[in-house]
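Enquirer: One structure follows; several queries about it will come next.
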Amino acid sequence: MASDVYYCNLESHGSVSRLTKLEKLLRAAGIAKIDFTDKFVAIKLHFGEAGNLSFLRPNYAKVVADLVKSFGGRPFLTDCNTLYVGTRKNALEHMDTANLNGFNPISTGCQIIIADGLKGLDEALVPLEGTEYVKEAKIGRALADADVVISLAHFKGHESTGFGGALKNLGMGGGSRAGKMEQHSWGKVEVDQDLCIGCGACKRICANDGPQIENHKCHINQDNCVGCGRCIAVCPKDAISNPHSNTNDVLQCKIAEYTKAVVQGKDAFYINLVIDVSPNCDCHAENDLAFVPDIGFFASFDPVAIDRACCDAVNKAPLVPTSPVGKGKRVGDNLTTNHPDLNWHVGLDHAEKIGLGTQDYHLIEVR
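What follows is the structure, given as structure tokens:
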């Protein structure tokens, strides 16, 4: 049975702003069906890495928080610490980055809580049934303790999963540092010595001391590598790759299973904003040009349906000719052209298999 996915475009006129349209969309999608009264409501989003400018503006979070408060709920913004080296690897730096990017109680109308604590160790162990890879997920404690979960995701391309939407936002984003390592640790990367120039970009991005530079060449300490793939994304010569062809497929499956752990037993609602569709994740300390034009806002009670609807919308859109993706050779759909070596649909197929939702959807436009 198809799930309803609600959509609005970004056209604004008169007194109708994007923020007004977002609130109208959420109401039309039925967010008020959730009993928010006196409930702790986790609004899970990505605060953006320092230097990246494609993350969602805090104004959007305020629309969601204010709406939750109008229904009697107690909202807070949350995310978990990162596994890689960056500006969000512990709660202090994470909060500093959030504030630098404009997220604070005044701009968003609610508090910010880093879900897995100061060092990423504050986690809840969530048992799972009917899953293939994860039997006990490690979820950020504050996220696990929330009564209601709302995913507010920036939909974009992704260097390991093909795209990032509701599943990526909750699954990988909801895992503690140990949970993120569990999701990433299926396979390890290798270096093509002929291509490597020894620049050290891989070493600087790694939180686990995997890349080693000797004689102006990199090799990977396999004991330290957790298979996160960050080094693949930053290598300027494409010298680093993962020889395990199923690794990113397994990663997507684990993300789906972690998403199940985050939302099971709770009311959950999903919002994807398909704007500034950058080629890679907001975890990068930069963002390249969007590879498709801005499309609109989506909302649903089904995380699989909303992600599939957004994938279809992005794939139907024209490529931006001035973007790196638009300048390159077109290979199939837009998501595949962005990352040709990834099967972006694997996570959706697995999420559907474990009962998270359906890829069959009925798109309802809100005007």
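Letter 350 of the sequence shown, counting from 1, is numbered 349 in numbering that gives the first Met the number 0, and no numbers are missing. Where is the CB? At the ideal position from N, CA and C, for every residue including glycine.
1) Would you call the segment 260-274 and the segment 152-161 in contact, with 3 or more CB pairs under 8 Å?
2) Please state whether the Cβ-Cβ distance between THR77 and LEU117 is less than 7 Å.
3) Can you find the residues in the same chain that come closer than 6 Å, C-beta to C-beta, to ALA267, ignoring five residues on each side of it along the sequence?
4) Can you tell which of GLN211, HIS218, PHE39 and ILE254 has the C-alpha that lies nearest to the C-alpha of VAL345?
5) With a cut-off of 8 Å on the beta carbons, I'd call LEU124 and LYS134 a contact; round off their distance for me.
6) Could you give the residue range of the beta strand (DSSP E) that holds HIS218?
7) Taking the alpha carbon of ILE112 as the point to measure from, which residue in THR86, ARG140 and GLU131 has its own alpha carbon closest?
8) Out of curiosity, what's the CA-to-CA distance linking ASP81 and GLY101?
9) Name the DSSP bridge partner or partners of LEU150?
10) Decide if the segment 162-177 is in contact with the segment 54-70; the criterion is three or more beta carbon pairs, one per stretch, under 8 Å apart.
11) Nearest CA to the CA of LYS216: which residue from ALA312, ILE196 and MET180?
12) Where DSSP assigns a beta bridge to GLU189, which residues make up the other side?
13) Out of CYS234, GLU256 and LEU18, which has the shortest C-alpha to C-alpha gap to VAL62?
14) Going by the CB atoms, is the gap between ALA200 and VAL249 shorter than 7 Å?
15) Rounded to whole angstroms, what is the Cα-Cα separation between GLY29 and PHE297?
16) Kindly indicate which three-state DSSP category PRO210 falls into: helix, strand or coil?
17) If you pair each beta-carbon of the segment 292-309 with each one of the segment 346-357, do three or more pairs fall below 8 Å?
Expert: A quick look at the data gives this:
1) Three or more Cβ pairs drawn from the segment 260-274 and the segment 152-161 lie within less than 8 Å of each other, which places the two stretches in contact.
2) In the sequence shown, counting from the first residue as 1, residue 77 sits at position 78. In the sequence shown, counting from the first residue as 1, residue 117 sits at position 118. Contact flag unset, no.
3) If you number the sequence shown from 1, residue 267 lands on position 268. Taken in chain order, the residues that qualify are VAL148.
4) By one-based count along the sequence shown, residue 345 stands at place 346. Selected option, being the one with the closest Cα: ILE254.
5) Your numbering for residue 124 matches position 125 in the sequence shown. Your numbering for residue 134 matches position 135 in the sequence shown. That pair is no contact at about 10 Å.
6) The sequence position of residue 218 within the sequence shown is 219, counting from 1. Residues 216-219.
7) Taking the first residue of the sequence shown as 1, we reach residue 112 at position 113. Cα-wise, what sits closest to ILE112 is ARG140.
8) The count along the sequence shown starts at 1 and reaches residue 81 at position 82. The count along the sequence shown starts at 1 and reaches residue 101 at position 102. Position check: residue 81 holds Thr in this sequence, whereas Asp was assumed. Cα to Cα, THR81 sits roughly 19 Å from GLY101.
9) Position 151 of the sequence shown holds residue 150. Reading off the sequence shown, one finds Ser at residue 150, where the question assumed Leu. Under the DSSP definition of a beta bridge, SER150 partners with LYS43 and TYR269.
10) Touching, no.
11) As a position in the sequence shown, residue 216 is number 217, starting the count at 1. Taking only the C-alpha atoms, the option nearest LYS216 is ILE196.
12) Numbered from 1 along the sequence shown, position 190 holds the residue referred to as residue 189. GLU189 is bridged by DSSP to SER240.
13) As a first step, residue 62 must be located in the sequence shown, where it is residue number 63. Per the Cα distances, LEU18.
14) On the sequence shown, residue 249 is found 250 positions in, with the first residue counted as 1. On the sequence shown, residue 200 is found 201 positions in, with the first residue counted as 1. The answer is no: Cβ separation not under 7 Å.
15) Counting from one through the sequence shown, the residue named residue 29 turns up at place 30. Counting from one through the sequence shown, the residue named residue 297 turns up at place 298. Their Cα atoms are separated by approximately 12 Å.
16) Numbered from its first residue, the sequence shown carries residue 210 at position 211. PRO210 falls in the strand class under three-state DSSP.
17) In short, these stretches touch, since the Cβ pair count reaches three.
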